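Okay, structure first, notes after.
Residue numbers (my numbering): 28 to 114.
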């Protein structure tokens with residue numbers, strides 16, 4: 028029998044929540060969580076989602092947006108998803 032559920036990294040959620048609650052801005056929050064090591068991808072995703080909902084696109088540096096592959100496609104997708112949930 029396969030064990031499909033692997034144990035998570037202890038403290039990952041708490042660390043991500045700490046990043047959301049204590050960061051001065053989007054960049055600081057993401058960089059701080061990356062410096063911690065460990066499960067940086069999931070923590071950064073959580074932080075990005077929370078802070079993105081809180082401060083919007085203007086909180087994400089333009090230099091980061093310009094380096095994101097297919098940024099415009101993702102932006103349109105996000106707009107379509109949120110538009111369909113507002114109706």
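Where a beta carbon is used, it is the ideal one built from N, C-alpha and C, also for glycine. If you're wondering where the values come from, they're calculated on a predicted model, not measured in any experiment.
Kindly indicate the opening and closing residues of the alpha helix (DSSP H) around residue 41. In the DSSP annotation of this structure, the continuous segment of the alpha helix (DSSP H) that includes residue 41 starts and ends at 39–49.
So, with DSSP's three-state summary, where would you put residue 66? Residue 66 carries a coil assignment under DSSP once its states are collapsed to helix, strand and coil.
Quick check on residue 59: does DSSP put it in helix, strand or coil? It is helical.
Can at least three beta-carbon pairs, one atom from the segment 89–96 and one from the segment 60–79, be found at a separation below 8 Å? By the Cβ criterion, the segment 89–96 is not in contact with the segment 60–79, since fewer than three pairs of Cβ atoms, one from each stretch, lie closer than 8 Å.
Using a threshold of 8 Å, state whether the C-beta atoms of residue 56 and residue 46 are closer than that. In this structure, the beta-carbon distance from residue 56 to residue 46 falls below 8 Å.
Alpha-carbon spacing of residue 108 relative to residue 100, whole angstroms: Their backbone Cα atoms lie some 12 Å apart in a straight line.
Grab the span of the alpha helix (DSSP H) containing residue 94 for me, first residue to last. Taken as a continuous stretch (DSSP letters only), the alpha helix (DSSP H) holding residue 94 covers 89–94.
Residue 85 versus 39, 52 and 110, residue with shortest Cα-Cα distance: Measuring from the Cα of residue 85, the nearest candidate turns out to be 52.
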